[in-house]
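Novice: In terms of the numbering used here, the sequence shown opens at residue 1445 and continues consecutively.
We treat Cβ as the ideally placed atom computed from N, Cα and C, and that holds for glycine.
It should be emphasised that the depicted structure is a prediction, and the values quoted were computed from it without experimental measurement.
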Amino acid sequence: MEDVKSPKRRSAQTRSRIVNAAQGLFVVRGYAGTTFQLVADAAEVSVQTVYFHYGTKSQLLKHVVDVASAGDDEPVPLLQRPWFAALQAAQDPAEVVRGWVHQSGVILDRVAPVLAVVRDAAAGDPDMAAQWAANSEQRHTAHGEIIAILARLRALRPDLTEHLATDVTVGILSPDLFLVMRRECGWTTAQWEGWAADQLSHGLLSV
């Protein structure tokens, strides 16, 4: 068993403190307003430690997004996690949609505020523009995988291609729309989840 005081464990705990501190600062202060010194102070580490683990602010924000998306720092992609395997094995299309929307809500609760930081910074920062493009591509890929499950079950409406069905899913489950409903309309995540599942079921499924 690994010693809890081992260098590897201490390093992981330090990175976790840095990421948690950085996430709060990015959301409140934005990309430009967050400095390594502020992150170091909030994480109670030296600024040199922040630079050691994350050489640039763009690398730090990328890692914040990755951890917020996954919910942890484990090197296991979202689509290789047990909950996705359960959706792949499901035979009821409505169950697939509900399960995907539920997991999307869990993820968006964590990551949507951080993605808004990336989006807002993308116009003036090439690194953030590249990060936003990469995050957008990842969302399309993930939603495309769920559409492939529905297509395999022959559950898609006959007027939909898989490409168009993916676009519909990307739109309804977008982080921007999630934040509009949560922040501007005052919905709970559960309210958003029920609405989004209804919209997707109506927009995608043949029955």
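Within 10 angstroms of its Cβ, does K1452 collect 16 or more other Cβ (buried), or is it exposed?
Specialist: Here residue 1452 corresponds to residue number 8 of the sequence shown, with the count starting at 1. Answer is exposed; the Cβ neighbour count stays below 16.
Novice: Taking 6 angstroms as the limit between beta carbons, can you name the residues of its chain near E1446, skipping five residues before and five after?
Specialist: As a working note, residue 1446 is residue 2 in the sequence shown. Per-residue confidence for E1446 stands at a pLDDT of 44, beneath the threshold of 50, marking its modelled position as unreliable; the derived number appears in the next sentence. For E1446, where only same-chain residues beyond five positions count, there are no Cβ hits under 6 angstroms.
Novice: For the candidate residues T1613, F1480, F1470, whose alpha-carbon lies nearest to that of D1564?
Specialist: Residue mapping note: residue 1564 aligns to position 120 of the sequence shown, counting from 1. Looking at the Cα atoms, F1470 is the closest of the given residues.
Novice: Can you check the segment 1582-1642 for any alpha helix (DSSP H) of at least 4 residues that lies completely inside it and give the ranges in chain order?
Specialist: List check, alpha helix (DSSP H) in window: 1606-1616, 1619-1623.
Novice: Kindly indicate the opening and closing residues of the alpha helix (DSSP H) around L1482.
Specialist: Within the sequence shown, the letter at position 38 stands for residue 1482. From DSSP, the alpha helix (DSSP H) with L1482 extends over 1480-1487.
Novice: Distance check for A1487 and N1464, CA to CA, integer angstroms please.
Specialist: Against the sequence shown, residue 1464 aligns to sequence position 20. Against the sequence shown, residue 1487 aligns to sequence position 43. Distance between the alpha carbons of N1464 and A1487: 8 angstroms.
Novice: Can you tell me whether Y1495 is buried or exposed, with buried defined as 16 or more other CB within 10 angstroms of its CB?
Specialist: Working through the sequence shown from its first residue, we reach residue 1495 at position 51. Label assigned to Y1495: exposed.
Novice: Confirm, please, whether the CB-CB distance from L1597 to S1537 is below 8 angstroms.
Specialist: Position 93 of the sequence shown, counted from the start, is the residue given in the question as residue 1537. Position 153 of the sequence shown, counted from the start, is the residue given in the question as residue 1597. Looking at the sequence shown, residue 1537 is not Ser but Pro. Contact flag set, yes.
Novice: Residues in the same chain with beta-carbon distance under 8 angstroms from L1594, minus the five sequence neighbours each way, listed in chain order, please.
Specialist: Here residue 1594 refers to the residue found at position 150 when the sequence shown is read from its first residue. Result list for L1594: P1537, V1540, V1541, L1600, A1609, L1648, L1649, in chain order.
Novice: List the whole-angstrom C-beta distance separating H1584 from V1612, where the pair is believed to meet the contact cut-off of C-beta under 8 angstroms.
Specialist: The residue given as residue 1584 occupies position 140 in the sequence shown. The residue given as residue 1612 occupies position 168 in the sequence shown. About 12 angstroms; that fails the 8 angstroms criterion.
Novice: Would you say Q1547 and S1502 are within 8 angstroms of each other, going by their C-beta atoms?
Specialist: For the purposes of this step, residue 1547 is identified with residue 103 of the sequence shown, where counting begins at 1. For the purposes of this step, residue 1502 is identified with residue 58 of the sequence shown, where counting begins at 1. Taking 8 angstroms as the Cβ cut-off, Q1547 and S1502 do not qualify as a contacting pair.
Novice: To the nearest angstrom, how far is it from the Cα of E1589 to the Cα of L1505?
Specialist: Numbered from its first residue, the sequence shown carries residue 1589 at position 145. Numbered from its first residue, the sequence shown carries residue 1505 at position 61. Each residue's Cα considered, the two are about 26 angstroms apart.
Novice: On the DSSP letters alone, give me the boundaries of the alpha helix (DSSP H) that V1471 sits inside.
Specialist: Position 27 of the sequence shown, counted from the start, is the residue given in the question as residue 1471. Note, V1471: alpha helix (DSSP H), 1451-1473.
Novice: For the alpha helix (DSSP H) containing V1555, list its first residue and its last residue.
Specialist: For the purposes of this step, residue 1555 is taken as the residue at position 111 of the sequence shown. Its alpha helix (DSSP H) spans residues 1537-1566.
Novice: Since L1505 sits in a beta bridge, which residues does DSSP pair it with?
Specialist: Position 61 of the sequence shown, counting from 1, holds the residue named residue 1505. DSSP output for L1505 lists no bridge partner at all.
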